[in-house]
Amino acid sequence: MREFDEPGQADIQAVTRTSRILGLFNVDRTELVTADVAAALGLNRTTTHRYLTSMAAVGLLEPGSRHSSYMVGPLAMKLGAMATGSAGVLAIAPRSMAALSDELGATVALSLWASTGPMVVHVAEPQLAEAVLTVRVGTVLPFDTAQGVLFAAFLPPEATHADAKRARLKPAARAAFDEHLAQARETGLAVMRHRDVGIVAVAAPVFDAAGLCASLAVVGLAGTTTDAAVPERAGRLRETADRLTAGLGGQVPEFLLGIS
Numbered sequence: 001m002r003e004f005d006e007p008g009q010a011d012i013q014a015v016t017r018t019s020r021i022l023g024l025f026n027v028d029r030t031e032l033v034t035a036d037v038a039a040a041l042g043l044n045r046t047t048t049h050r051y052l053t054s055m056a057a058v059g060l061l062e063p064g065s066r067h068s069s070y071m072v073g074p075l076a077m078k079l080g081a082m083a084t085g086s087a088g089v090l091a092i093a094p095r096s097m098a099a100l101s102d103e104l105g106a107t108v109a110l111s112l113w114a115s116t117g118p119m120v121v122h123v124a125e126p127q128l129a130e131a132v133l134t135v136r137v138g139t140v141l142p143f144d145t146a147q148g149v150l151f152a153a154f155l156p157p158e159a160t161h162a163d164a165k166r167a168r169l170k171p172a173a174r175a176a177f178d179e180h181l182a183q184a185r186e187t188g189l190a191v192m193r194h195r196d197v198g199i200v201a202v203a204a205p206v207f208d209a210a211g212l213c214a215s216l217a218v219v220g221l222a223g224t225t226t227d228a229a230v231p232e233r234a235g236r237l238r239e240t241a242d243r244l245t246a247g248l249g250g251q252v253p254e255f256l257l258g259i260s
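This is the structure we're talking about:
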């Protein structure tokens with residue numbers, strides 16, 4: 001008896017529709033609403049809802065922040081990490097991230113480079129904190145964030161399409177991006193205050209044997225993150241990122257060694 005039967009037409013159709021749903025995600029569309037998916041696929045809402053809930057049940061999707069919305073799920077994240085050769089960092093990072101988050105009382109986020117930008121693949125939140133900044137797994141961050149700057153600093157321009165993305169920034173944002181990029185290349189850290197959304201982020205690189213594989217960031221609310229707290233967070237973040245690099249068999253670039 002064969003282990004797998006030949007797929008029927010209905011099975012093929014289900015796989016096709018599932019792939020089309022996943023293909024609707026992009027850097028500007030990190031959540032899908034049932035009504036929009038139904039319109040895109042030309043299906044009624046009942047059928048669309050059945051597909052979305054089934055995909056969520058197996059981890060391809062997960063509930064989003066809005067009613068009847070969905071984000072990329074943990075299984076899809078795992079497959080994406082394997083496809084980019086970054087599964088190793090996902091295996092060893094969570095414990096260190098949890099410890100760092102509790103120590104600093106701030107959220108710690110791990111991002112991998114996706115085709116459209118830095119994608120958050122794991123988040124650790126402090127167990128005891130008055131105010132916690134929530135970052136959703138599956139979120140694709142803008143290019144001009146601390147994580148985006150970090151990837152632009154340590155990946156080849158053709159890998160991130162940095163020149164094209166930079167050109168789309170407004171002049172003031174482009175100048176700020178260039179300043180942060182130079183800082184990241186000099187110090188190995190990207191520190192950014194996003195005053196428009198009240199967030200302070202510090203990002204550090206994680207390297208494996210092939211080079212940069214991830215960005216590790218501490219993110220917090222501007223109202224609870226003093227200027228004096230940033231250097232401490234940066235130092236502890238760097239130590240954690242360097243330990244992950246060592247655990248992955250990677251090597252911190254020589255010009256960053258000894259920088260504190």
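The UniProt record's numbering puts the first residue of the sequence shown at 1, with every later residue one more than the last.
Heads up, the beta-carbon is just placed ideally off N, CA and C, and yes, glycines get one too.
All of these numbers come straight from a predicted model, not from anything done at the bench.
- For Phe207, the three-state secondary structure derived from DSSP is strand.
- Residue state for Glu62 is assigned as strand, using DSSP reduced to three classes.
- Between the alpha carbons of Ala217 and Gln9 lies a gap of roughly 46 Å.
- For Val123, the uninterrupted beta strand (DSSP E) segment begins and ends at 118 to 124.
- With fewer than 16 other CB atoms across the displayed protein chains lying within 10 angstroms of its CB, Ser19 is exposed.
- Leu22 is a Cβ neighbour of Ala76, given a cutoff of 8 Å.
- In the DSSP assignment, His180 falls within the unbroken alpha helix (DSSP H) covering 171 to 187.
- In the three-state scheme derived from DSSP, where H, G and I count as helix and E and B as strand, Ala76 is classed as helix.
- With a cutoff of 8 Å on beta-carbon distance, Ala214 and Gly250 are scored as not near each other.
- Here the alpha carbons of Leu61 and Lys165 stand approximately 28 Å from one another.
- No Cβ-Cβ contact shorter than 8 Å links Met97 with Thr145.
- Beta-bridge annotation (DSSP): Asn26 is paired with Arg29.
- Ala106: not part of any beta strand (DSSP E); DSSP gives it neither H nor E.
- For His49, the secondary structure class from DSSP, reduced to helix, strand or coil, is helix.
- Apart from sequence neighbours up to five positions away, no residue of its chain approaches Ala172 with a beta-carbon distance below 7 Å.
- Within the DSSP secondary-structure output, Leu221 pairs in a beta bridge with Ile199.
- By the CB criterion at 8 Å, Thr225 and Val200 fall inside the cutoff.
- For Leu112, DSSP records a beta bridge to Met119.
- For Ser69, the beta-bridge partners assigned by DSSP are Val33.
- Approximately 21 Å separates the beta-carbon atoms of Arg136 and Val149; this is outside 8 Å, ruling out the contact.
- Sequence-distant partners of Ala184 (beyond 5 residues in either direction) whose C-beta falls short of 7 Å from its own C-beta, in its chain, are Val149, Leu150, Ala153, Ala190.
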